[in-house]
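Step one of this worksheet: look at the structure below.
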Amino acid sequence: MASGLELYLFDSGTLGLGGVDVPVPFFLVRHSQGDVVVDGGNPLAVARDAHAHWGALADHFEVRMSEEQHCVAQLRRLGIEPDAVRYVVQTHLHIDHTGALGHFPNATVVVHADELEAARAAQSPVASGYVHEDYDRPELRWQLAEGELDLFGDGTIRLIETPGHSAGHVSILLHLEETGPVLLTADAADNRAQWEGRAHPRALFSREEAAQSLELLRRLADQIEPLIIHGHDPENWAALTHAPDSYT
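Numbering-wise, the sequence shown is residues 59 to 306 according to my numbering.
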């Protein structure tokens with residue numbers, strides 16, 4: 059499939075989890091009809107004072123992030139100004155994926171309807187992984203997805219329902235001209251151990267649905283043999299091409 063897409067990989071630093079520093083990725087997809095930011099990594103407030111923004115949640119992670127690693131600063135170094143971004147696509151709304159929200163004034167924010175509903179209803183950030191200040195912003199323009207969504211209607215950027223880790227989690231399938239298919243599993247498969255069945259997926263919402271979603275992605279991968287980019291895997295991340303270089 060000829061797409062003309064360009065895919066850029068970034069991270070907004072790392073989080074220390076169980077003695078391992080894991081990357082916090084975000085992505086830029088350049089499409090002929092407009093630029094797309096996928097997630098946004100950690101919010102800018104986290105670089106300034108993680109405890110002030112996350113509260114007790116910050117006690118569970120060791121954050122390594124500078125203000126220069128925030129998504130806006132990194133995109134500007136690539137020549138992308140905030141007002142040029144057409145879409146911000148959220149795989150979900152947990153604390154380490156919301157760094158783009160509120161920073162791209164002309165962007166439509168695409169998220170699964172179940173995800174936004176769950177995030178708005180969440181009570182405890184520690185139990186749910188949601189911080190209301192990230193997404194309770196009156197200036198955000200939401201586009202709610204239900205089922206699979208073909209973002210531009212040309213098959214190049216597809217959102218795939220993969221609930222379980224969160225209520226409305228989605229993974230993303232891209233079709234690039236030279237690289238071929240690329241699967242962003244997001245947190246449906248944090249790492250290779252989960253992908254290969256050596257560890258359970260992190261299911262903050264439903265263990266059963268998380269297992270079903272992972273199996274769905276495995277079947278898809280068997281069919282199309284994509285480049286797989288996991289949600290938070292240090293070894294997988296280190297082996298990939300990062301911005302300012304891109305996949306085409």
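By construction, the Cβ of each residue, glycine as well, lies at the ideal position given by its N, Cα and C atoms. Bear in mind that the values here come from a model prediction, so they are computed numbers and not experimental data.
Through-space distance from residue 221 to residue 186, alpha-carbon basis | 14 Å
As assigned by DSSP and simplified to three states, the class of residue 159 = coil
Are the beta-carbon atoms belonging to residue 202 and residue 243 less than 9 Å from one another?
-> no
N- and C-terminal bounds of the beta strand (DSSP E) containing residue 109 | Unbroken run through residue 109 is the alpha helix (DSSP H), 102 to 112; no beta strand (DSSP E).
Among 210, 192 and 290, which has the Cα closest to the Cα of residue 152?
-> 192
Express the C-alpha separation of residue 209 and residue 251 in angstroms, rounding to a whole number.
-> 30 Å
Indicate whether the contact test is met: 3 or more Cβ pairs, each with one atom in the region 165 to 185 and one in the region 96 to 106, closer than 8 Å.
-> no
Taking the alpha carbon of residue 127 as the point to measure from, which residue in 283, 166, 69 and 227 has its own alpha carbon closest?
-> 69
Cβ neighbour criterion (16 or more within 10 Å) applied to residue 59 | Because residue 59 sits at a pLDDT of 44, beneath the cut-off of 50, its placement in the model cannot be relied upon, and the point is left open.
Alpha carbon to alpha carbon, what distance is there between residue 125 and residue 218?
-> 31 Å
Might you give, ordered along the chain, the residues of its own chain that have their beta carbon closer than 7 Å to the beta carbon of residue 273, omitting 5 neighbours on each side?
-> none
Which listed residue (205, 198 and 156) has its alpha carbon closest to that of residue 170 = 205
Exposed or buried, which one is residue 286 when buried takes at least 16 other CB atoms within 10 Å?
-> buried
Under 8 Å by Cβ, that's how I've got residue 146 and residue 159 pegged, so tell me the actual separation to the nearest angstrom.
-> 7 Å
How close, in whole Å, do the beta carbons of residue 253 and residue 223 come, if the pair is a contact with beta carbons under 8 Å?
-> Not quite, the Cβ-Cβ distance comes to about 13 Å (not below 8 Å), so this is no contact.
So who's on the other strand from residue 187, going by DSSP bridges?
-> None; residue 187 has no bridge partner.
Going by alpha carbons, who is nearest to residue 283 out of 296, 241 and 301?
-> 241
Using the C-alpha atoms, what's the distance from residue 85 back to residue 166?
-> 16 Å
Kindly indicate which three-state DSSP category residue 277 falls into: helix, strand or coil?
-> helix
Three-state secondary structure (DSSP) of residue 304 = coil
Skipping 5 residues on each side, what residues in its chain have a beta carbon closer than 7 Å to that of residue 142?
-> 93
Taking the alpha helix (DSSP H) that residue 133 falls in, what are its first and last residues?
-> 129 to 135
Within its chain, find whatever has a CB closer than 7 Å to the CB of residue 72; leave out the 5 residues flanking it on each side and keep chain order.
-> 79, 80, 81, 82 and 122
Helix, strand or coil: which one does DSSP assign to residue 93?
-> strand
How would you call residue 156, buried or exposed, if buried means at least 16 neighbouring beta carbons within 10 angstroms?
-> buried
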